[in-house]
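>
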Ligand SMILES: [Zn+2]
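Numbering (this note's numbering), first residue to last: 364 to 550.
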């Protein structure tokens with residue numbers, strides 16, 4: 364599932380080679396390790412070549428595709444933290460794909476649920492990242508930020524109109540926002 368860039372578009376550009384090194388480094392960070400371990404515990408272990416650095420035409424930071432793996436858009440990465448964030452976000456999608464028996468990415472509610480979880484649990488909306496993006500409202504910022512990013516991702520789903528995306532997000536918000544698996548609570 365495609366993601367909007369983590370920082371302002373055009374703020375960073377790495378070569379594929381540099382990005383590959385950053386992916387390897389991210390695999391040693393506690394968050395990415397924890398998610399990868401839980402993916403394995405859930406019966407969906409992945410090797411290092413599950414993660415790919417690619418140049419992306421579209422204005423996205425990365426994505427997860429069932430059966431293919433996780434891609435990180437090297438040309439939209441700047442610092443190590445950008446890569447760590449994309450890796451954590453996409454690993455939550457991979458985890459949902461593994462855990463949920465009948466997850467249908469064409470279903471706007473299913474897609475919205477995984478985006479809510481990935482946005483909430485990956486730290487996408489940590490206030491420091493929001494400040495970098497130029498959003499400075501702090502009160503209630505986290506949920507607002509998750510909502511904004513869920514909408515962007517679900518609208519990009521060819522099966523979901525803007526209205527369908529909004530309805531789906533509202534319908535599943537409470538259940539999915541409070542579903543923090545594999546964490547005990549939101550990190
Ligand atoms: Zn996503």
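Even glycine gets a Cβ: it sits at the ideal position worked out from N, Cα and C.
Could you say which of 489, 384, 386, 382 lies nearest to residue 503 if we only look at CA atoms?
Indexing the chain shown from 1 puts residue 503 at position 140. Residue 489 is the option with its Cα nearest to residue 503.
> Using beta-carbon positions only, say whether residue 509 and residue 474 come within less than 9 Å of one another.
Counted from its first residue, the chain shown places residue 509 at position 146. Counted from its first residue, the chain shown places residue 474 at position 111. For residue 509 and residue 474, no; Cβs fall outside 9 Å.
> In terms of residues, what are the limits of the alpha helix (DSSP H) holding residue 385?
The residue labelled residue 385 in the question sits at position 22 within the chain shown. 379 to 389 is the extent of the alpha helix (DSSP H) around residue 385.
> Residue 389 and residue 418: beta carbons closer than 9 Å?
Position 26 of the chain shown, counted from the first residue, corresponds to residue 389. Position 55 of the chain shown, counted from the first residue, corresponds to residue 418. Cβ distance not < 9 Å, so residue 389 and residue 418 don't count as in contact.
> Does the beta carbon of residue 437 fall short of 8 Å from some heavy atom of ligand 1?
To locate residue 437, count along the chain shown from 1; it is residue 74. No, the beta carbon of residue 437 sits no closer than 8 Å to any heavy atom of ligand 1.
> Looking at the structure shown, is residue 431 part of a helix, part of a strand, or coil, going by DSSP?
Here the question's residue 431 lines up with position 68 in the chain shown. If DSSP states are grouped into helix, strand and coil, residue 431 belongs with coil.
> Using a Cβ-Cβ cutoff of less than 6 Å, which residues in the same chain neighbour residue 525 once the five nearest sequence positions on both sides are dropped?
As a working mapping, residue 525 is identified with position 162 in the chain shown. Same-chain partners within the cutoff: 518.
> Report yes if the C-beta of residue 482 is less than 8 Å from at least one heavy atom of ligand 1; otherwise report no.
One-based indexing of the chain shown puts residue 482 at position 119. Yes, the beta carbon of residue 482 sits closer than 8 Å to at least one heavy atom of ligand 1.
> Nearest to residue 544 by CA position, among 399, 511, 392, 507, is which residue?
Against the chain shown, residue 544 aligns to sequence position 181. The shortest Cα separation from residue 544 among 399, 511, 392, 507 belongs to 399.
> What is the C-beta distance between residue 440 and residue 394, in whole angstroms, given that I count them as a contact (C-beta under 8 Å)?
Mapped onto the chain shown, residue 440 falls at position 77. Mapped onto the chain shown, residue 394 falls at position 31. Contact flag wrong, Cβ pair sits at about 17 Å.
> May I ask whether a heavy atom of ligand 3 can be found less than 8 Å away from the beta carbon of residue 422?
Inclusion of ligand 3 in the displayed structure is not the case, the ligand content consisting of ligand 1 alone.
> Using a 10 Å radius around the Cβ and a threshold of 16 neighbouring Cβ atoms, would you call residue 369 buried or exposed?
In the chain shown, residue 369 corresponds to position 6, counting from 1. In this prediction, residue 369 scores a pLDDT of 48, lower than 50, which makes its location untrustworthy; the coordinate-derived value is nonetheless stated afterwards. Buried: at least 16 other Cβ atoms inside 10 Å.
> Could you check how far apart the C-beta atoms of residue 531 and residue 469 are, in whole angstroms? I think they sit under 8 Å.
Indexing the chain shown from 1 puts residue 531 at position 168. Indexing the chain shown from 1 puts residue 469 at position 106. Not a contact, Cβ separation roughly 12 Å.
> Nearest to residue 427 by CA position, among 444, 409, 538, is which residue?
Translated into positions along the chain shown, residue 427 becomes position 64. The shortest Cα separation from residue 427 among 444, 409, 538 belongs to 409.
> Which term fits residue 396, buried or exposed, when burial requires 16 or more other beta carbons within 10 angstroms of its beta carbon?
Looking up residue 396 in the chain shown gives position 33. The residue in question, residue 396, is exposed, as its Cβ has fewer than 16 Cβ neighbours within 10 Å.
> Identify the residues that DSSP records as bridge partners of residue 482: which are they?
On the chain shown, position 119 is the one that residue 482 refers to. Answer is none; residue 482 lacks a bridge partner.
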